[in-house]
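Visitor: Note that the protein sequences, when read in sequence, are chains H and A.
Read in order, the letters of the first sequence correspond to residues 342 to 632 in my numbering.
Read in order, the letters of the second sequence correspond to residues 460 to 685 in my numbering.
Okay, here's the structure, questions in a sec.
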Amino acid sequence: MRMKYVLSEVLVGLWRNVTMTIAMIITMAVSLTMLGASGLMYRQVDDMKDLYYKNIEVSIFLKTDVSQPQIDALKTKLAGDPLVKETVYVDKQEAYKRFQEMFQDAPDLISAVKADSLPPSFRLKLVNPEQYKDIYNQYKGAEGVDEIVDQSKLLDKIFDILSSIQNIALAAAAVMAIAALLLVANTIQVAAYSKRREVAVMKLVGASNWFIQAPFVLEAVVAGLIGSLLGLVALIAAKYLLFDGSLKALQGLLSPISWGDIMFMFPLMAGVGGVISAVTAWVTLRFYLRV
Amino acid sequence: MIQLEQVTKTYPKASRPSLDNVSVSIEKGEFVFFIGPSGSGKSTIIKMLLHEVSPNKGRVVVNGKDVTSMRSWKRPHFRRSIGCVFQDFRLLPNRTAYENVAFALEVIGKTKAVARRVVPEVLELVGLGGKEHRYPHELSGGEQQRVAVARAFVNRPLILLADEPTGNLDPDTSIEIMRLLDRINRTGTTVVMVTHDSNIVNQMRRRVIEIESGRIVRDQARGVYG
């Protein structure tokens with residue numbers, strides 16, 4: 342009977358103040374969606390870093406008038422360099438071929454560039470991509486070298502942008518969480534007020550504290566869990582509409598988000614939603630009912 | 460059963476103590492009136508016996524338990540041995556007489572089966588047989604107070620505290636409630652009653668403790684209102 346009593350009180354409580362309940366659930370859902378999204382991005386960025394940094398190259402562009410002995414000297418030096426894992430030499434013809442491939446949609450551009458105007462280059466894979474600076478210092482002054490370009494510089498910029506988006510999502514999650522928290526506190530106060538007579542009688546006849554608090558705390562927890570379910574639905578919708586829909590073109594660039602990744606976020610969202618609601622409700626009750 | 464030992468209580472911001480070095484001893488099965496003007500400290504005593512307020516000095520012992528040092532988490536269990544009746548009845552308006560009494564049992568963990576057995580019995584005892592399914596607004600003041608007494612007594616408490624239980628009732632009804640409290644007292648329950656009602660005190664001829672400005676000015680077995 343006691344469990345049944347508590348559960349029916351929870352339902353009655355949620356229904357009694359239904360506009361407030363909805364507001365509470367919506368803010369909770371938005372906050373948890375943000376949390377889930379930033380969690381997904383965290384994993385996403387990790388995956389992408391693995392993928393990209395593995396394939397990263399440092400390009401040493403040579404002067405167009407570089408001589409063959411200079412090229413050979415560089416080649417032997419690079420071959421013996423412990424920082425370098427792999428070296429590919431791209432001569433003028435190869436560079437032009439790559440250029441043609443890259444800009445095949447723009448024939449005007451291709452015709453404007455002469456076959457021998459593109460510089461030859463060495464494409465290096467480093468043992469550790471972070472040691473770019475050492476390579477740069479070593480080869481910058483070498484004869485025949487024009488410019489050294491590190492792709493990881495570009496990647497760092499992309500990842501900076503991604504991580505700042507992630508931070509914005511987290512900040513939004515935190516702000517919404519505060520709003521959700523205040524709504525929970527308010528809902529619990531209203532619930533406690535509308536049940537003040539019952540609570541007074543329960544205290545008087547010696548009902549245990551947990552029994553008095555349980556319906557209120559569970560009310561908040563149920564709202565939190567519903568919020569996290571809605572958050573999950575929002576994430577699934579986002580994957581369906583954004584990643585598999587309008588952002589499909591970027592699929593080669595972004596590593597794919599699997600359903601598993603999204604399901605993996607649900608326990609986190611439900612846990613955070615449930616625990617935050619429960620703690621808020623409990624603290625509110627301690628102040629409000631003094632039980 | 461109840462001991463107050465040199466109890467002093469001053470509320471924050473109050474200029475003088477509500478209770479000033481009060482010592483009282485009440486035996487098991489006694490029927491005691493606390494009388495005195497408003498603000499004399501009578502209600503503070505009731506609150507202390509319920510562990511709602513704690514004394515600044517002295518010791519309060521109820522039913523062998525030192526209430527002064529009792530931790531607040533033990534309060535719920537402690538309260539189950541004390542029944543309570545108030546001037547304003549404190550019934551739940553959306554529950555019938557039966558449900559009001561059953562509620563008090565169920566929230567302390569008694570089963571519905573227990574309630575079905577015990578509640579009709581106690582409602583019969585307080586003279587409400589046949590009115591179990593009336594709502595408080597369908598009952599007279601006296602009948603509502605009977606429901607409250609039934610709720611306080613259903614758990615067979617050792618002590619029944621009554622804070623001006625006849626304050627809202629007319630004289631005839633008041634006397635009926637007093638008969639009821641007297642009957643409960645005869646089952647061995649200690650009854651402590653705070654009242655302004657001189658008629659009742661004079662008729663009952665029980666122990667009277669008079670308080671004025673937080674001090675006991677009279678403690679008389681078989682006393683009158685004075």
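Built from N, CA and C at the ideal position, the CB exists for glycine as well.
Going by CA-CA distance only, name the one from H:621, H:524, H:401, H:354 that's closest to residue 490 of chain H.
Guide: Within the first sequence, numbered from 1, the residue matching residue 490 of chain H stands at position 149. For residue 490 of chain H, the nearest C-alpha among the options comes from H:401.
Visitor: Identify, in the order they occur along the chain, each residue of the same chain with its Cβ nearer than 7 Å to the Cβ of residue 625 of chain H, setting aside the five sequence neighbours on each side.
Guide: By one-based count along the first sequence, residue 625 of chain H stands at place 284. Once the five neighbours on either side are set aside, the close Cβ partners of residue 625 of chain H are 526, 529, 530.
Visitor: Would you call the stretch 410-425 of chain H and the stretch 551-562 of chain H touching, i.e. three or more CB-CB distances under 8 Å?
Guide: no
Visitor: Of the residues that make up the stretch 538-550 of chain H, which ones have a beta carbon closer than 9 Å to any beta carbon in chain A?
Guide: 538, 539, 541, 542, 543, 544, 545, 546, 547, 548, 549, 550
Visitor: List the DSSP bridge partners of residue 621 of chain A.
Guide: Mapped onto the second sequence, residue 621 of chain A falls at position 162. As computed with DSSP, residue 621 of chain A is found in a beta bridge with A:544, A:652.
Visitor: Measure the alpha-carbon distance for residue 432 of chain H versus residue 399 of chain H and round it to whole angstroms.
Guide: Along the first sequence, read from residue 1 onward, the residue named residue 432 of chain H stands at position 91. Along the first sequence, read from residue 1 onward, the residue named residue 399 of chain H stands at position 58. Rounded to whole angstroms, the gap between the alpha carbons of residue 432 of chain H and residue 399 of chain H is 16 Å.
Visitor: Indicate, with yes or no, if the ligand ADP has a heavy atom lying under 7 Å from the CB of residue 634 of chain A.
Guide: Judged by which ligands are present, the structure shown has none, so any question about the ligand ADP falls away.
Visitor: Under 8 Å between beta-carbons, which chain H residues line up against residue 551 of chain A? List them in chain order, please.
Guide: The residue labelled residue 551 of chain A in the question sits at position 92 within the second sequence. 538, 539, 542, listed in chain order.
Visitor: Can you say whether residue 615 of chain A is buried or exposed, counting buried as having 16 or more other CB atoms within 10 angstroms of its CB?
Guide: If you number the second sequence from 1, residue 615 of chain A lands on position 156. The residue is exposed, with fewer than 16 neighbouring Cβ atoms inside 10 Å.
Visitor: Which whole-angstrom value is the C-beta distance of residue 386 of chain H and residue 503 of chain H, which I expect to be below 8 Å?
Guide: Locating residue 386 of chain H in the first sequence gives position 45, counting from the first residue. Locating residue 503 of chain H in the first sequence gives position 162, counting from the first residue. Their Cβ separation, rounded to whole angstroms, is 5 Å, which keeps residue 386 of chain H and residue 503 of chain H in contact under 8 Å.
Visitor: Below 8 Å on the Cβ atoms is my contact criterion, and I expect residue 568 of chain A with residue 612 of chain A to pass it. Report the Cβ-Cβ distance as a whole number of Å.
Guide: Translated into the one-based positions of the second sequence, residue 568 of chain A becomes position 109. Translated into the one-based positions of the second sequence, residue 612 of chain A becomes position 153. No, residue 568 of chain A and residue 612 of chain A are not in contact; Cβ-Cβ is about 18 Å, not under 8 Å.
Visitor: Enumerate in chain order the residues of its own chain whose CB-to-CB distance from residue 646 of chain A is below 7 Å, with the five nearest sequence positions on each side excluded.
Guide: Residue 646 of chain A sits at position 187 when you count from the first residue of the second sequence. Here the set comprises nothing.
Visitor: Looking at C-alpha atoms only, which residue of A:556, A:584, A:497 is the closest neighbour of residue 642 of chain A?
Guide: The sequence position of residue 642 of chain A within the second sequence is 183, counting from 1. Comparing Cα positions, the closest option is A:584.
Visitor: Show which residues of chain A have a CB atom less than 7 Å away from the CB atom of residue 552 of chain H.
Guide: On the first sequence, residue 552 of chain H is found 211 positions in, with the first residue counted as 1. Within 7 Å Cβ-Cβ: 566.
Visitor: Report buried or exposed for residue 510 of chain A, applying the criterion of at least 16 other Cβ atoms within 10 angstroms of its Cβ.
Guide: Taking the second sequence and counting its residues from 1, the one referred to as residue 510 of chain A is at position 51. With 16 or more other Cβ atoms within 10 Å, it is buried.
Visitor: Taking a contact to mean a Cβ-Cβ separation below 8 Å, would you say residue 606 of chain H touches residue 380 of chain H in this structure?
Guide: Taking the first sequence and counting its residues from 1, one reaches residue 606 of chain H at position 265. Taking the first sequence and counting its residues from 1, one reaches residue 380 of chain H at position 39. Yes.
Visitor: Contact check, residue 624 of chain A vs residue 544 of chain A under 8 Å by CB: the rounded distance?
Guide: As a first step, residue 624 of chain A must be located in the second sequence, where it is residue number 165. As a first step, residue 544 of chain A must be located in the second sequence, where it is residue number 85. So it is a contact: roughly 5 Å between Cβ atoms.
Visitor: On the criterion of 16 or more Cβ atoms from any shown chain inside 10 Å, does residue 616 of chain H qualify as buried, or is it exposed?
Guide: Position 275 of the first sequence, counted from the start, is the residue given in the question as residue 616 of chain H. It counts as exposed.
Visitor: Let me check understanding here. Comparing Cα to Cα, which of A:683, A:672, A:679 lies closest to residue 480 of chain A?
Guide: What you label residue 480 of chain A is simply residue 21 of the second sequence in a count that begins at 1. Checking every option, the nearest Cα to that of residue 480 of chain A belongs to A:672.
Visitor: So if DSSP puts residue 462 of chain H in a beta bridge, which residue, or which two residues, is it bridged to?
Guide: As a working note, residue 462 of chain H is residue 121 in the first sequence. Residue 462 of chain H is bridged to H:402, H:431.
Visitor: Are the beta-carbon atoms of residue 650 of chain A and residue 640 of chain A separated by less than 8 Å?
Guide: As a working note, residue 650 of chain A is residue 191 in the second sequence. As a working note, residue 640 of chain A is residue 181 in the second sequence. The answer is yes: Cβ separation under 8 Å.
Visitor: Could you check what DSSP says for residue 519 of chain A in three-state terms: helix, strand or coil?
Guide: As a working note, residue 519 of chain A is residue 60 in the second sequence. Assigned with DSSP and collapsed to three states, residue 519 of chain A falls in strand.
Visitor: With 16 other CB atoms within 10 Å as the buried threshold, where does residue 648 of chain A fall?
Guide: Here residue 648 of chain A is taken as the residue at index 189 of the second sequence, counted from 1. Label assigned to residue 648 of chain A: buried.
Visitor: Please state whether the Cβ-Cβ distance between residue 362 of chain H and residue 575 of chain H is less than 8 Å.
Guide: Counting from 1 along the first sequence, the entry for residue 362 of chain H is found at position 21. Counting from 1 along the first sequence, the entry for residue 575 of chain H is found at position 234. At a Cβ-Cβ threshold of 8 Å, residue 362 of chain H and residue 575 of chain H do not count as neighbours.
Visitor: Would a check of beta-carbon distances place residue 346 of chain H closer than 8 Å to chain A?
Guide: Taking the first sequence and counting its residues from 1, one reaches residue 346 of chain H at position 5. Closer than 8 Å to some Cβ of chain A, the Cβ of residue 346 of chain H qualifies, so yes.
Visitor: Find the nearest neighbour of residue 467 of chain A within the set A:474, A:503, A:514, A:636, judged by alpha-carbon distance.
Guide: Residue 467 of chain A sits at position 8 when you count from the first residue of the second sequence. When each option's Cα is compared against that of residue 467 of chain A, the closest is A:514.
Visitor: For a cutoff of 8 Å on Cβ pairs, would you count residue 535 of chain A as touching chain H?
Guide: As a position in the second sequence, residue 535 of chain A is number 76, starting the count at 1. Cβ-Cβ to chain H under 8 Å: yes for residue 535 of chain A.
Visitor: Check whether the Cβ atoms of residue 383 of chain H and residue 492 of chain H sit closer than 8 Å, and answer yes or no.
Guide: As a first step, residue 383 of chain H must be located in the first sequence, where it is residue number 42. As a first step, residue 492 of chain H must be located in the first sequence, where it is residue number 151. It is not a contact, given that the beta carbons lie outside the stated cut-off.
Visitor: I believe residue 465 of chain A touches residue 484 of chain A by the beta-carbon criterion, under 8 Å. Please report the beta-carbon distance rounded to the nearest angstrom.
Guide: Taking the second sequence and counting its residues from 1, one reaches residue 465 of chain A at position 6. Taking the second sequence and counting its residues from 1, one reaches residue 484 of chain A at position 25. Contact flag wrong, Cβ pair sits at about 12 Å.
Visitor: Would you check if there are 3 or more beta carbon pairs closer than 8 Å linking the stretch 520-538 of chain A to the stretch 596-608 of chain A?
Guide: no
Visitor: Under 8 Å, do residue 595 of chain A and residue 550 of chain A count as touching if we go by C-beta distance?
Guide: Along the second sequence, one-based indexing puts residue 595 of chain A at 136. Along the second sequence, one-based indexing puts residue 550 of chain A at 91. Yes; because the gap between Cβ atoms is below 8 Å, this pair is in contact.
Visitor: Under three-state DSSP, which class holds residue 426 of chain H?
Guide: What you label residue 426 of chain H is simply residue 85 of the first sequence in a count that begins at 1. Looking at residue 426 of chain H - three-state DSSP - the assignment turns out to be strand.
Visitor: Using the Cα positions of residue 539 of chain H and residue 546 of chain H, report the straight-line distance between them to the nearest angstrom.
Guide: Stepping through the first sequence from its first residue, residue 539 of chain H is reached at position 198. Stepping through the first sequence from its first residue, residue 546 of chain H is reached at position 205. Taking the straight line joining both Cα atoms gives about 11 Å.
Visitor: Can you tell me whether DSSP reads residue 441 of chain H as helix, strand or coil?
Guide: As a working note, residue 441 of chain H is residue 100 in the first sequence. Reduced to three states, the DSSP call for residue 441 of chain H is helix.
Visitor: Between residue 393 of chain H and residue 467 of chain H, is the Cβ-Cβ spacing less than 8 Å?
Guide: Translated into positions along the first sequence, residue 393 of chain H becomes position 52. Translated into positions along the first sequence, residue 467 of chain H becomes position 126. The criterion of a C-beta distance shorter than 8 Å is not satisfied by residue 393 of chain H and residue 467 of chain H.
Visitor: According to DSSP, what are the bridge partners of residue 493 of chain A?
Guide: Looking up residue 493 of chain A in the second sequence gives position 34. DSSP, once it has assigned bridges, lists A:653, A:668 as partnering residue 493 of chain A.
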